[in-house]
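Visitor: Take a look at the following structure, please.
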Amino acid sequence: MNPNLILLLPVFFPVFAGILLAGSRLLCQERKRAVYVAAVSLLELVFVGLAGAGDYELVLFRMSDRLAFTLRPDRLSILFGVLCAAMWLASAVYAAGYMRGQKGSRLYQIFFLVSVGLIAGLCFSGNLLTAYLFYELMTLALLPLVIHERSKEAIRAGLSFLFYSIGGAFLGLAGFFIFYSCGISFDFREGGWLGAEGVRKEAGFIVSLSAREKQLVLAGCFCATVGFGSKAGLFPLHGWLPSAHPVAPAPASALLSGNVTKMGLLVILRVIYYIVGPEFLRGTWVQYTLCALALSTVLIGSVIASREQLLKRRLAYSTIGQVSYALFGVFVLNRTALLGALLHVVFHSLAKNTLFLCAGTYIHETGRMRADELEGVGRRLPATTWIFTFASLTLVGIPPTSAFLSKWYLAQGSLEGAPFVFSWLGPAILLVSAVFTAFYLLPVTVKGFFPGRPEEENMASVLQGEDSMAAAATESGSMADALQEKDGKSADAGHPQEKGSAGGRALRREAPLSMLVPPAVLAAFAVGFGILPGGLLRFLEAVCRAVLN
Amino acid sequence: MAENLWLTLLLVLPFAGALILCGFCGQGRGRAMYLTADLLAAAEFALALFFAVPVLCGGGYTCRIKELCGFGLSFELDGFRAVWLIILSFMWLTAVVFSKEYMEHHRHVLRYYCFTFLTLGATAGVFLSADLLTTFLFFELMSFTSYVWVAQEETKGALRAAETYLAVAVLGGLVMLMGLFLLYHLTGTLALDGLREACAAVQERGMLLAAGILMLFGFGAKAGMFPLHIWLPKAHPVAPAPASALLSGVLTKAGIFGVILLSGNIMHQEKEFGWLVLFLGAATMLHGAVLGVFSVDLKRTLACSSVSQIGFILVGLGMVNLTGGNALAVNGAFLHAVNHSLIKLVLFLLAGVVYCRLHSLDLTQICGFGRKKPFFLAVFLCGAFAVAGMPLFSGYISKTLLHEAIVEGGELFAGSAGVLLSVTEWVFLVSGGLTAAYMLKLFTVLFLDEPSERVKKCTRNYLSMPVRLLLAVPAGFLLLAGLLPDRILLPAAEQASAFFGAAGAVHGAGAPHWFSMENLSGAGISIGIGIFVYFTVVRQWLRKRDGQETVYVNRLPAWYDLEESVYRPLFLRLLPFLLAGACRLAESVVEKTAWFLSGPLLAAVCRLADKLVAGIVWLISGTMLSEKKPREHLHGAGRIAYCAGRVMDDLVLLLNRTVRRKRPIQKSFVHIFAVGGRRTRRTAGLVARSVSYGLMLAGIGLVITMLYLLLG
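Chains as they are written, first to last, in our numbering: chain A, 9 to 557; chain B, 457 to 1168.
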């Protein structure tokens, strides 16, 4: 048997598993279905790893001799594929708890599985055409996840998601036509097909593009980047994110935000570094415009996020800003910055997934959607809030969490190689945005753990010691008993009638384990990669070295 | 310098300690927790002594962990760090032991203890760090863990102060990071031992200066430098007293640690930087002292005093830079930092004692608390005299050194720079005087004024034995060091000078005559100003008698608050409003444009395109091909048809009269022919028109083709 056929496994296995779920009557029990979905996601992770490990190539079918559908994973594929499969697994486990008892969860699960297969296809695709095919299919498969709620808003958001994605993809397609007409191959080649000054790097002979063709290719590249940037939330086509993320169920919005946006980035990476070539773009108007667009997106996302109260929408705007960090790193066309961008892809994905899952837990457990309503949530859900805190710190980029590293490389890369004012403006905007990130994420933690209390109550508790009810409600309630016994000795304890006044506060009740473990693991990775980044760093350095020398 | 990996134990111990506390001292095991905490703090102190004492005798340790956190962490223990390590671990020990008493009736004690130990680890990390990234990492960690101290009480004031603290910490940290980005970009290294040379070699001095100023912002924010001092007077009064002691005594010094690095090493060639530090230091010193005089809250007064004293240290550091590492400035700045830590330890713990017993810090309500408490008086006096720079106490030594440094610096610079320095000297003396004034105010309040109602009610034993012991040590040190400066303080300063980049400066020989007239007169002027200010301003204006009671009033206008009247409106209202407005505008413009493009405009364009051909046809048919009204023929037919019809009709008439009498033909051929003729003509007209239309389109096409061929 052809060993290359293993490539079919990660792509089609979950698709068929999804279809099976649709067709079979066996899996009507909710619990079994959740286990099934999680198991398929786990297997998918294994398959992606296996398929990515070897040097495989598989032509699915040919349209013409220049156009074929090919699967050919490289390092970048492994990075994105494994990242997505892992997140899908986390989301599947989380959804087991989150979606319990919800109507229509079967449909959700079907498309959940189908979409991961298509995303694996997008990651593993060996040329632009294949990537485009899977990109469009992925959009369609994700639509049911967005409109899962079936509310008016959800459907509107779904349509907006569809229009922006498809519209963007068509804009990208226009770019592909231009590439094709200028004789640039659609196959991915590390470092792209064009060198500086538009010299085409074909085996054996050198062809230079004419001046007109150069301009055309630049325009095509711009179209493709802006078009696929719509998935990555690049201004001006970012409009679908803030509407689609809040309405999707939390496990889905986590994926939309953490991974689907990265798929846009992946295609942009493919176009810039694997088709056109960074040398060709360096110093052109395309690079400048894209840098400016990315930086303004960073600013727009962060600023609006800090003014937004609906937690999931706030996170969605945050995603717009954060993914553009990585996009900026991509557009700087410098090895350090690219390394920073790839690192940020991983770290943002981890942190943002965690945050969305935690936001989902808040909604699920307390029913509160707005950030300013989450006062005291740390008392009620301490573990979740701790996880949220670590993910927030990661996203702000506080060392030793991981995003500090990516920011460091992005900033250094920008200082080394970005054109014009971008060299210092880039880091400056990254840090301004980090300040905003701190201001829109940390208050959740702060309000959660330090809800405050009325002055009189405070005074009373200081004077008379603890009352056991309130103490039991808190993580550090351990002192209650110790303090009780000393209570009597306190000579100036004044207000015995105040005792027990702090009762009635929400008691600590943590979310079910399936909703706690996935974000916890993701957050652990998000922090852990910052402390021990060695392996990941070397792997990504290899990617960067291959495409930029 | 010996490589010693065990150095990390100093950091691991507190972090692990926090975990131990968190994990094993759970529900209802209070006594165990207090004991564990005390033991951990004692162990850390012992460990610090174990490492620091050999270093003080000569030598040093380094420690580098590769790849951790991406860049590797590196630590070092030299003389300067050893001194600070001992001080900070001792302060933590004191604070932790005292916390047991202070936190007795508070909530969330476990949280407090956990974060106290986390902060200890982070702070130790800052002081041990041997490259700026490590410094930054632990610095940020310290900022976030110490946040819990400020918010611990969860009162409204505490939460607001904590908000300010966090905002300043985050902002400071990220601005500092920008400085680090630039510095690393310029020098390619952040390791402290190579940084001095690397910075000297940098070509782009402007960039280097920018990096230095950005980093100064970050470190200065933590140190409490004007205008970033806003968090200090708010955070200290609301934090638990032991935590305030640490915040003020050690955490601000972590900021100073950074400023030393900047001023002595990184920016040692940039005189502009020295002037900046000097100017900001002078402003801090004066501003803090003025706030202190006006304050009516015990801990707030001490906090303002901290701001002011940090200003003194900053002035010293500015002089270090300006004089190129003059021994007087180096020793003065270092010793003042050490003194200030111990002074604030003593004073804040005393304030804690007051708060424990009275649950108030308001000067009016704590009047006379210190009466008939000789130990309290002795310890307070040691602290107060030291901070006011009274001869025979250690504060006098460091202030004299700083004063001498300014005077000597004045001799180096001529012209306007010299004038500036003499202005600084006077600001220095006045600030010293104000220090004396507010300490005198506190002294009067605590020991001379009539006891308030609250104080009279409180009769408990006020200090436990271990705390007494731990208080006596730093207080005794302040006195002893003031008596024997050449034995105790100068050798310690000697250890530190290398860290300031003052390797080439003269030591020992430059030791001033401590009790010469010249030096005593400086302290005399200060104390004189202090007494004058006390009797004129404090007693006359800030104090009034309300019946039996003495009431201290806050005469500081409400708007005189940088945070409330400038920063908060600016950063919380104006800037977000403008920025978010701009962003939303950009977003909505794009959205509106997109909607307009996709909706009405596109629809209009498409409709236009849809109707384009039909429209052209309509237009053309309306003008060029408009149907002519057919002429009104007889019976609506043509002449020929009419004639033919008449002939046929005549024939039919003939036939009807003759052959077909019985069945006459009832047709009018004129009519039939007319109808047929009209139909034929209409058809012919249509054919003609469509052919001409086709021809015309073809013609247009040809013209376009021709144009294309001509122009293309």
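Where a beta carbon is used, it is the ideal one built from N, C-alpha and C, also for glycine. A quick note: this is a predicted structure, and the numbers were derived from the prediction, not measured.
1) Can you tell me which of the three DSSP states A458/B falls into?
2) Relative to the C-alpha of P847/B, which candidate in F955/B, R652/B, G888/B, V809/B has its C-alpha closest?
3) By the criterion of Cβ-Cβ separation under 7 Å, what are the contact partners of M634/B in chain A?
4) Since V45/A and Q117/A are thought to touch, with beta carbons under 8 Å apart, how far apart are those beta carbons, to the nearest angstrom?
5) Anything in chain B within Cβ reach of G542/A, meaning under 7 Å, just list it in chain order.
6) Checking contacts by CB at 9 Å: is E1020/B closer than that to chain A?
7) Within the continuous beta strand (DSSP E) that includes K1000/B, where are the two ends?
8) If we define contact as Cβ-Cβ less than 9 Å, is G125/A a contact residue for chain B?
9) I need the straight-line Cα distance from I476/B to G348/A, nearest angstrom please.
10) Quick one: Cα of A42/A to Cα of P520/A, how far?
11) Beta-carbon of L181/A versus every beta-carbon of chain B: anything under 9 Å?
12) If T452/B and A580/B are in contact, beta carbons under 8 Å, what's the gap, nearest whole angstrom?
13) So for N135/A, helix, strand or coil by DSSP?
14) Just list the residues that DSSP pairs D818/B with in beta bridges.
15) Could you tell me the alpha carbon to alpha carbon distance between L642/B and Q420/A, rounded to whole angstroms?
16) Would K415/A pass as an interface residue toward chain B - the criterion being a Cβ-Cβ separation below 9 Å?
17) Within the same chain, show all residues whose beta-carbon is closer than 8 Å to that of V124/A, passing over the 5 residues directly before and after it, in chain order.
18) Using 8 Å as the threshold, is the region 823-832 of chain B in touch with the region 558-578 of chain B, meaning 3 or more CB pairs across them?
19) Does the distance from the C-beta atom of V994/B to that of V749/B stay below 9 Å?
20) Relative to chain A, which residues along the region 1013-1040 of chain B have a C-beta separation below 7 Å, given in chain order?
21) What's the call for W1074/B, buried or exposed, on a 16-neighbour Cβ count within 10 Å?
22) Which residues, taken in chain order from the region 604-615 of chain B, show a beta carbon closer than 9 Å to some beta carbon of chain A?
23) Beta-carbon of G538/A versus every beta-carbon of chain B: anything under 9 Å?
24) For F364/A and H156/A, what's the separation of their Cα atoms in angstroms?
25) Taking L758/B and A807/B to be in contact with their CB atoms under 8 Å, please state how far apart those CB atoms are, rounded to whole angstroms.
26) Three-state secondary structure (DSSP) at T78/A?
27) In chain A, which residues lie less than 8 Å from A618/B when you measure between Cβ atoms?
28) Pull up the distance between the alpha-carbon of G368/A and that of T392/A, whole angstroms please.
29) Please list, in chain order, the residues of the region 143-176 of chain A that have any C-beta partner in chain B closer than 7 Å.
30) Contact defined as beta carbons within less than 8 Å: I believe G680/B pairs with S762/B. What is the distance between those atoms, to the nearest angstrom?
31) Distance cutoff 9 Å, beta carbons only. Does S850/B sit that close to anything in chain A?
32) With a threshold of 8 Å on Cβ separation, who are the neighbours of G62/A within its own chain once the five nearest residues in sequence on each side are excluded?
33) Pick helix, strand or coil for T880/B, following the three-state DSSP scheme.
34) For A25/A, collect the residues of the same chain with a Cβ closer than 6 Å to its Cβ; drop the 5 residues on either side in sequence, then sort them by chain order.
35) On the DSSP bridge list, what partners appear for L363/A?
36) On the premise that A426/A lies in contact with E340/A, defined as a C-beta separation below 8 Å, what is that separation, rounded to the nearest angstrom?
Guide: This is what the structure gives:
1) Stepping through the second sequence from its first residue, residue 458/B is reached at position 2. Correct three-state label for A458/B: strand.
2) Against the second sequence, residue 847/B aligns to sequence position 391. For the residues F955/B, R652/B, G888/B, V809/B, the minimum Cα distance to P847/B belongs to G888/B.
3) The residue you call residue 634/B lines up with position 178 of the second sequence. By Cβ distance, chain A contributes P435, A436, L439.
4) Position 37 of the first sequence holds residue 45/A. Position 109 of the first sequence holds residue 117/A. At roughly 5 Å, the Cβ-Cβ gap stays under 8 Å, so V45/A and Q117/A are in contact.
5) What you label residue 542/A is simply residue 534 of the first sequence in a count that begins at 1. Ordered by position in chain B, the residues that pass the 7 Å Cβ test against G542/A are E523.
6) Position 564 of the second sequence, counted from the first residue, corresponds to residue 1020/B. False, the Cβ-Cβ gap to chain A never drops below 9 Å.
7) To locate residue 1000/B, count along the second sequence from 1; it is residue 544. 999-1002 is the span of the beta strand (DSSP E), which, as asked, contains K1000/B.
8) Numbered from its first residue, the first sequence carries residue 125/A at position 117. No - not a single Cβ of chain B is within 9 Å of the one on G125/A.
9) In the second sequence, counting from the first residue as 1, residue 476/B sits at position 20. In the first sequence, counting from the first residue as 1, residue 348/A sits at position 340. Straight-line Cα distance between these residues: approximately 36 Å.
10) Start at 1 with the first residue of the first sequence, and residue 42/A comes out as number 34. Start at 1 with the first residue of the first sequence, and residue 520/A comes out as number 512. One C-alpha to the other measures close to 14 Å.
11) Within the first sequence, numbered from 1, the residue matching residue 181/A stands at position 173. No, its Cβ sits nowhere closer than 9 Å to a Cβ of chain B.
12) Because chain B here runs from 457 to 1168, residue 452/B falls outside it and cannot be looked at.
13) Counting from one through the first sequence, the residue named residue 135/A turns up at place 127. Strand.
14) Within the second sequence, residue 818/B is the residue found at index 362, counting from 1. Paired residue(s): D753/B.
15) Looking up residue 642/B in the second sequence gives position 186. Looking up residue 420/A in the first sequence gives position 412. The straight-line gap separating the alpha-carbon atoms of L642/B and Q420/A is approximately 10 Å.
16) As a first step, residue 415/A must be located in the first sequence, where it is residue number 407. By this cut-off, K415/A is an interface position.
17) Locating residue 124/A in the first sequence gives position 116, counting from the first residue. Excluding sequence neighbours, V124/A sits near P22, S49, E52, C92, A93, W96.
18) Segments in contact, no.
19) For the purposes of this step, residue 994/B is identified with residue 538 of the second sequence, where counting begins at 1. For the purposes of this step, residue 749/B is identified with residue 293 of the second sequence, where counting begins at 1. Cβ atoms of V994/B and V749/B: closer than 9 Å.
20) The residues in question are P1032, L1035, A1036, C1039, R1040.
21) Working through the second sequence from its first residue, we reach residue 1074/B at position 618. Taking all protein chains shown into account, W1074/B has fewer than 16 neighbouring C-beta atoms within 10 Å of its C-beta and is therefore exposed.
22) V604, A607, Q608, E609, E610, T611, K612, G613, A614, L615
23) In the first sequence, the residue the question calls residue 538/A occupies position 530. At least one chain B Cβ lies under 9 Å of G538/A.
24) Here residue 364/A refers to the residue found at position 356 of the first sequence. Here residue 156/A refers to the residue found at position 148 of the first sequence. If I take the Cα positions, the gap works out to 17 Å.
25) Translated into the one-based positions of the second sequence, residue 758/B becomes position 302. Translated into the one-based positions of the second sequence, residue 807/B becomes position 351. Contact holds; Cβ gap of about 6 Å.
26) Residue 78/A sits at position 70 when you count from the first residue of the first sequence. DSSP places T78/A in strand when its eight states are reduced to three.
27) For this step, residue 618/B is matched to residue 162 along the second sequence. Result: V454, F458.
28) Here residue 368/A is taken as the residue at index 360 of the first sequence, counted from 1. Here residue 392/A is taken as the residue at index 384 of the first sequence, counted from 1. Going by C-alpha positions, G368/A is about 10 Å away from T392/A.
29) none
30) Working through the second sequence from its first residue, we reach residue 680/B at position 224. Working through the second sequence from its first residue, we reach residue 762/B at position 306. G680/B to S762/B, Cβ: 6 Å. Contact.
31) As a working note, residue 850/B is residue 394 in the second sequence. Chain A contact via Cβ: absent.
32) Taking the first residue of the first sequence as 1, we reach residue 62/A at position 54. Closer than 8 Å at Cβ, skipping near neighbours: P11, I14.
33) Counted from its first residue, the second sequence places residue 880/B at position 424. Assigned with DSSP and collapsed to three states, T880/B falls in helix.
34) Along the first sequence, read from residue 1 onward, the residue named residue 25/A stands at position 17. Result list for A25/A: V48, L121, in chain order.
35) In the first sequence, residue 363/A corresponds to position 355, counting from 1. Bridge partners of L363/A: none, in fact.
36) Counting from one through the first sequence, the residue named residue 340/A turns up at place 332. Counting from one through the first sequence, the residue named residue 426/A turns up at place 418. Reading off the sequence shown, one finds Val at residue 340/A, where the question assumed Glu. About 5 Å separates the two Cβ atoms, so the contact holds.
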